[in-house]
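Counting in UniProt numbering, the sequence shown runs from 1 upward without gaps. Glycine included, every Cβ here is placed at the ideal spot set by N, Cα and C. Okay, structure first, notes after.
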Amino acid sequence: MKRSVKSHVAQGILCFIMFLLGFITLYPFWHVLMYSISDPIRAMTGGLFFIPRGFSVYGFEILFQTKQIFTAYGNSIFLLVVGTSVNVIFTALMAYPLSIKRFHGRNAITMMAFFTMLFGGGMIPGYLLVKGLGLLDSLWALILPGTISAWNMIIMKNYFQSIPASLEESANIDGASQMTILVRIIVPVSMPVIATIALFYGVGHWNSYFSAILYINSNSKITLPIYLRNLLNSTAMDQATQAGVAVDTSAITPETMKMSTIVASVLPMLIAYPFIQKYYVKGIMVGSIKG
């Protein structure tokens, strides 16, 4: 009986702690979301936002009347789709040979890749490299220098090593090449880790900020995080007015515009995450432990 009571008390404490951690994690975004759809004048009173105070989407209406945000969205989507595809393809092409035990020198190459996780070339050498390659003010400057992440490659390599060797041996007996084995056998059974690595790369590209500041100069190549930075440094109403959008300043506030922009920037990733979540835990656990 005592053990049962203690067990229930401990479980209750753990549930409370988990609820508290969940609230601390989720409330900031909930606050931003509720603020963005609240009546701007009533929202200025401050305090905690659990439900909207009134209802207004005027901030979103003004936001999506400016051409700059569509340019930023387009560039960020390009980085997300093209950049993630390039990253995943080249990471798989490097991870697969290193997962084959009979590949000579694979340990040395893996150690060299691991070395890059500990020591980087630095900001100035990286800038000079991008400049020397003629990639300045190009979205490719945000993709090519980081084509392969050593950490992601190691996770994928370990996952490939967990696949039964009999699959590859059977394909070799049938005369399949290594590329055929990778594309038709390894990749289809490795979707959990591929989806996980794609999520890592995708989030990195969507939130790309520091590299974009270094390498992007023109407004036509601006990404969503940079647009958000410019918004927070000035006001969205100023940007909307400069873009020729009619703004009723009595019905909107700078804070509401900022909250609306934050919601618009993070919403796509929040929508995409549930579709990838089922692969996430399996991919990261197997890729980290096996090997």
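| Query | Result |
| --- | --- |
| Rounded straight-line distance, which links the Cα of I154 to that of L135 | 28 angstroms |
| Whole-Å CB distance - V187 paired with I194, under 8 angstroms assumed | 7 angstroms |
| N207 (DSSP reduced to helix, strand or coil) | coil |
| Continuous alpha helix (DSSP H) stretch holding K131: start and end | 123-132 |
| Cβ pair L228, I262 closer than 8 angstroms | yes |
| Unbroken stretches of the alpha helix (DSSP H), 4 residues or longer, contained in the region 6-88 | 40-43, 58-63, 67-78 |
| Meets three-Cβ-pair contact criterion under 8 angstroms: the region 75-83 and the region 133-150 | yes |
| 7 angstroms Cβ shell around P274 - same chain, five flanking residues per side excluded | none |
| Residue from M156, W151, G47 whose Cα sits closest to the Cα of L118 | W151 |
| Buried versus exposed call for L21 [16 or more other C-beta atoms within 10 Å across all chains shown] | exposed |
| Cβ shell of G244 (< 6 angstroms), same chain only, five flanking positions each side left out | Legend: pLDDT at G244 = 49, less than 50; position of this residue unreliable, value from coordinates given subsequently. Hits under 6 angstroms: none found. |
| Pair within 8 angstroms by beta-carbon distance, A10 and T256 | no |
| Cβ distance (whole Å) where T71 is taken to contact I222 below 8 angstroms | 6 angstroms |
| Own chain, CB closer than 7 angstroms to S76, minus 5 neighbours either side, in chain order | W206, T223, L224 |
| Rounded C-alpha distance that separates L142 from A92 | 20 angstroms |
| Whole-number beta carbon distance between L182 and Y73, since they are thought to touch under 8 angstroms | Between L182 and Y73 the Cβ distance is about 34 angstroms, and since that is not below 8 angstroms, they are no contact. |
| Assigned secondary structure, N217 (DSSP; H/G/I helix, E/B strand, else coil) | coil |
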